[in-house]
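S.K.:
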Amino acid sequence: SQSWMAEAGKALGALLQPLGIPWQISASLIAGYIFKEVVFGFMGALGATALLPSLSLPSALALLVFMAFYSACVATTASLVRTVGWRLTAASLAIQFLLALAAAYAVYYAASLAAVAF
Numbered sequence: 144s145q146s147w148m149a150e151a152g153k154a155l156g157a158l159l160q161p162l163g164i165p166w167q168i169s170a171s172l173i174a175g176y177i178f179k180e181v182v183f184g185f186m187g188a189l190g191a192t193a194l195l196p197s198l199s200l201p202s203a204l205a206l207l208v209f210m211a212f213y214s215a216c217v218a219t220t221a222s223l224v225r226t227v228g229w230r231l232t233a234a235s236l237a238i239q240f241l242l243a244l245a246a247a248y249a250v251y252y253a254a255s256l257a258a259v260a261f
């Protein structure tokens, strides 16, 4: 928990912590920016797979939604830079991240309300 990845995971974790998602899983999402396929492998390396069963249903749904909407991989970003330039790429990445975060929060609170209602 002293590496730069841990620090980056804790920074993202500050945004995802209200959803019940621990920083170890957040760090895995950052690694997933390289290739989406490495998210679960990185979780295993951090010991975060042991945390997955402790996620509530709303937290797990929020995690899935965030993973679906946050930015694609580095190769996609590089292609976007070549196509539209750095400025539009940065705007696109920011919009994708904010959309993923907003959708995750919406799903989390909707699932939490549904759980209370039933």
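Just so you know, we're using the numbering used here here: the sequence shown kicks off at 144 and counts up by one.
Note that the Cβ used here is the ideal one computed from N, Cα and C, for glycine as well.
Remember, predicted model here, so these are calculated numbers, not experimental data.
Roughly how many whole angstroms lie between the Cα atoms of Val181 and Ala260?
M.R.: Roughly 37 Å separates the two Cα atoms.
S.K.: Could you tell me the distance, in whole angstroms, from the CA atom of Ser202 to the CA atom of Ser146?
M.R.: Cα to Cα, Ser202 sits roughly 26 Å from Ser146.
S.K.: Using the three-state DSSP reduction, which class does Ala174 fall into: helix, strand or coil?
M.R.: Ala174 falls in the helix class under three-state DSSP.
S.K.: Please determine, among Ala215, Thr226 and Leu195, the residue with the shortest C-alpha to C-alpha distance to Phe240.
M.R.: Ranking the options by Cα distance to Phe240, first place goes to Ala215.
S.K.: Assuming the contact rule is C-beta atoms closer than 8 Å, Ala258 and Leu200 should be a hit. Round their C-beta distance to whole Å, please.
M.R.: Yes, they are in contact, since the Cβ atoms of Ala258 and Leu200 sit about 7 Å apart, within 8 Å.
S.K.: Measuring from the CB of Val217, is there a heavy atom of the ligand ZN at a distance below 7 Å?
M.R.: Among the ligands in the structure shown, none appear at all, so the ligand ZN cannot be discussed.
S.K.: Since I believe Ile173 is in contact with Ala205 (beta carbons under 8 Å), could you give me their beta-carbon distance rounded to a whole number of angstroms?
M.R.: So it is not a contact: roughly 17 Å between Cβ atoms.
S.K.: Can you round the beta-carbon distance between Leu162 and Tyr248 to whole angstroms, since I take them to be within the 8 Å contact cut?
M.R.: Confirmed, Cβ separation roughly 7 Å.
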